[in-house]
Amino acid sequence: MDQVSVHVTKSLALIDQRFSSMRPCEVLVSGMAFLYLGQQVAALLRQGPTEIFENAKCVFFFYMRKYFGGLLGYDQAIAEATDSFVKEFGSKTSQCAQTFDRLPTAGNTREEVLSMCKKLAELNCDFSKGQYSGSIYHGGMDGYTEFINEAMGMHQWTNPLHAGQFAGVRKMESEVISMCVKMFNGGENACGAMTSGGTESILLAIRAYKEYAKNERGITRPELVVSVTAHAAFDKACEYFGIRIRHANMDPQTCKVDMKHLRSLVTSNTICIVGSAPHFPHGIIDPITQIADFARPRGIPVHVDACLGGFVIAFMEKAGLALDEKFDFRVPGVTSISCDTHKYGFAPKGSSVIMYSDPRYRKEQMYTQPNWPGGIYASPTLAGSRVGNVVAGTWAAMMHHGEEGYVKTSSAIVSAARFISKECSAIEGLQVMGKPLLSVVAVKSDTFDIYRLAAMMHEKDWELNQLQFPSALHLAVTNLHAVNDMEHARRFVRDMRDCCAELLLTKDEKATGSAALYGTSQQVPDRKIIADIARTYFDVYYDVNVDGRFEALTKSV
Ligand SMILES: *Cc1c(COP(=O)(O)O)cnc(C)c1O
């Protein structure tokens with residue numbers, strides 16, 4: 027003890043001596059400056075090397091764009107993209123006789139309005155030809171639209187925000203949630219909420235875990251760990267709610283998350299780990315049990331994103347197509363699941379369910395403001411007022427199909443997807459990504475430019491999803507591809523075979539025009555330019571004068 031106090035006295039004397047030539051105010055100011063600098067350095071170090079590098083890149087490119095935007099072709103890239111978007115939208119609507127950019131002075135009769143509506147409906151794509159990936163998941167069900175419309179019509183003006191006025195819709199909503207919870211084998215505490223779509227379900231789960239981590243675990247610098255293949259809605263949630271997102275690599279062979287990398291990203295600030303069942307890009311199921319086994323002893327919640335394939339994967343066991351991978355609430359440690367009723371549940375768009383293993387998580391998702399002069403305000407989801415008719419449409423869909431109906435549609439859809447996967451893996455030059463067991467089949471090629479295949483298939487009317495990092499395409503198989511002895515799935519395989527055979531003859535050629543977009547955009551180091559181009563798309567989308575711009579554009583060339 028004496029030894030220590032001697033050392034301390036000596037050190038203090040040394041410090042006094044060191045600063046003896048300075049005025050007290052100088053010592054004070056420099057001390058504060060040191061403290062501030064130290065904090066800045068600590069903040070920088072907390073980011074980790076990848077983020078420091080990314081931030082430096084952002085700053086660098088910001089000045090490049092600011093001072094050399096013209097020289098580097100940045101401005102031109104935006105202008106060219108804008109023109110292509112104007113062409114895309116304008117070519118479809120420029121034949122319309124009129125554009126209404128303001129309220130008509132005198133109202134139109136209901137007949138007139140409906141007749142205009144009908145004309146505009148004809149501009150929408152005819153989805154009965156089976157050329158789309160996902161998008162409209164039912165199809166080939168006679169009279170289904172009329173049936174759903176009728177159910178929704180009866181509940182047209184309802185708003186679940188005012189549950190007192192709309193008791194019927196409240197009952198339907200609680201039943202839809204409960205049915206989904208049972209589909210995923212939730213325990214007696216399991217619960218949930220209906221939302222407007224997968225993105226909202228995901229935003230809410232992440233918001234709940236951020237609050238839960240803050241209130242129960244004292245985490246003030248929240249981090250979320252996901253696979254790179256997790257849906258972009260997780261990135262969106264993190265950006266919206268100020269959470270740091272850590273992306274784990276995917277195994278290039280299996281397309282599942284690389285568990286070793288995932289484990290290395292988990293820290294004491296991790297609020298949740300996400301697995302997908304299956305993920306959007308390649309339709310592959312992450313190792314949910316492994317993720318949960320890792321997270322559970324650490325007290326970290328696990329979210330399973332079953333937005334896409336929820337209504338397929340939940341019925342695989344009953345369809346006699348049991349999967350090796352477990353994914354639902356029976357896996358200890360899985361604390362929430364998102365499942366889109368508006369995909370393979372065949373419900374109208376604007377419908378999804380977020381489920382929790384326990385109400386203590388759901389509680390953290392809700393927003394409350396007890397001090398508002400407008401009243402004690404509370405809302406469980408992002409929206410205030412909500413559409414009750416979608417609740418009714420979803421309830422009607424689920425009551426109509428029932429378990430047997432979904433078992434049938436799921437197994438038909440999965441069989442069609444497995445047929446496509448098997449046939450595609452036999453096509454020369456083409457590789458199926460991972461081992462797809464559900465409804466999505468992704469393909470890549472190490473022989474030819476895969477985006478040329480997308481363009482050729484487009485010529486044959488197919489609209490496939492284009493993927494990147496790595497370059498690939500996918501088809502989300504829907505009920506329409508499965509019905510009539512897989513008529514459309516068979517045509518798809520035939521067209522793929524023909525296109526690939528042609529591509530093999532010219533395998534060294536690169537894609538040109540719009541087909542080259544995805545290939546070249548992956549090589550642009552400044553990702554902000556790509557993001558800006560994507561934003562420009564919506565500037566054009568919202569432009570009421572797009573037809574006029576389209577005509578000016580086509581006249582000028
Ligand atoms: C579609 C999808 C979502 C998001 O759904 P939206 O309904 O488009 O908001 C989330 N995760 C996966 C895997 C999806 O396929």
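In the working numbering, the protein residues as written are 27 to 583.
In this text, a Cβ means the ideal position worked out from N, Cα and C, and glycines have one as well.
Examine the Cβ distances between the region 204 to 221 and the region 256 to 274 and report whether three or more of them are shorter than 8 Å. Inter-segment contact for the region 204 to 221 and the region 256 to 274 is absent: fewer than three beta-carbon pairs are separated by less than 8 Å.
Under the rule that 16 or more other beta-carbon atoms within 10 Å means buried, what is V329, buried or exposed? Residue 329 is actually His in this sequence, not Val. With 16 or more other Cβ atoms within 10 Å, it is buried.
I311 CB to nearest heavy atom of ligand 1 below 8 Å: no
Test item: CB-CB of A299 and D331 under 9 Å: Note on identity: in this sequence residue 299 is Ile, with Ala being the wrong assignment. No. Outside cutoff.
DSSP three-state call for N491: helix, strand or coil? Here DSSP, grouped into helix, strand and coil, assigns N491 to strand.
Just how far apart, CA to CA, sit I232 and A422? 29 Å
Cβ-Cβ distance between S161 and H500 below 9 Å: no
Does the Cβ of H368 lie closer than 8 Å to at least one heavy atom of ligand 1? yes
So what does DSSP say about G301, is it helix, strand or coil? strand
Closer than 8 Å: I402 CB and nearest ligand 1 heavy atom: Outside the cutoff, so no.
Going by the beta-carbon positions, is the gap between Q391 and Y403 smaller than 9 Å? no
If I measure Cβ to Cβ from K247 and keep anything under 6 Å in the same chain, skipping five residues before and after, which residues do I get? The sequence given here has Arg at residue 247, not Lys. If we look at R247 and ignore the five residues flanking it on each side, its Cβ neighbours are N295.
So the alpha helix (DSSP H) H514 belongs to, where does it begin and stop? 505 to 531
Run the proximity test for H257: is its beta-carbon closer than 8 Å to any non-hydrogen atom belonging to ligand 1? yes
Apply the 10 Å Cβ neighbour rule to P358 and answer buried if 16 or more other Cβ atoms are within range, or exposed otherwise. So P358 counts as exposed.
Alpha carbon of C333 to alpha carbon of D569, nearest angstrom: 31 Å
Report the rounded CA-to-CA distance for R553 versus F564, giving the unit in angstroms. 18 Å
State the DSSP-derived secondary structure class of C365, mapped to helix, strand or coil. strand
For a minimum of 3 consecutive residues, which ranges assigned as the beta strand (DSSP E) are wholly contained in the region 297 to 349? 328 to 332
In this structure, how does DSSP classify C217 when only helix, strand and coil are distinguished? DSSP, read as helix, strand or coil, puts C217 in strand.
For V292, which three-state DSSP category applies? coil
Using CA atoms only, rank isn't needed, just tell me which of K448, M482, M90, F173 is closest to V467. Taking V467 as reference, the option from K448, M482, M90, F173 with the minimal CA-CA separation is K448.
Kindly indicate which three-state DSSP category I470 falls into: helix, strand or coil? Just to set this straight, residue 470 is Lys in the shown sequence, not Ile. In this structure, DSSP gives K470 an extended state, which the three-state scheme calls strand.
Measure how close the beta-carbons of D475 and A515 come, nearest whole angstrom, since I'm counting them as under 8 Å. Your pair D475 and A515 does not check out as a contact, with CB atoms roughly 25 Å apart and the cut at 8 Å.
How many whole angstroms separate the CB atoms of Y477 and S497, which I take to be in contact at a CB cut-off of 8 Å? 7 Å
Neighbour-count burial assignment, T255, 16 or more Cβ in a 10 Å radius: buried
Quick one: is H33 buried, meaning 16 or more other Cβ sit within 10 Å of its Cβ, or exposed? exposed
Contact test: G224 Cβ vs ligand 1 heavy atom, cutoff 8 Å: yes
For the beta strand (DSSP E) containing E249, list its first residue and its last residue. Membership of E249 in the beta strand (DSSP E) is indicated by the continuous run 249 to 253.
Provide the residue span of the beta strand (DSSP E) that contains R270, from first to last. Counting along the chain, the beta strand (DSSP E) containing R270 begins and ends at 270 to 274.
S378 CB to nearest heavy atom of ligand 1 below 8 Å: yes
Which residues in the same chain as P327 place their Cβ atom closer than 6 Å to its Cβ, once the five residues preceding and following it in sequence are excluded? Y235, C298, T361
Three or more C-beta pairs under 8 Å: does that hold for the region 183 to 193 against the region 162 to 173? no
Closest Cα partner of F495 within the set Q65, C51, N275, V85: Ranking Q65, C51, N275, V85 by CA distance to the CA of F495 puts N275 first.
Contacts around G223, its chain only, beta-carbon distance under 8 Å, and the 5 residues preceding and following it disregarded: D366, H368, K375, G376, S377, S378
Apply the 10 Å Cβ neighbour rule to V55 and answer buried if 16 or more other Cβ atoms are within range, or exposed otherwise. exposed
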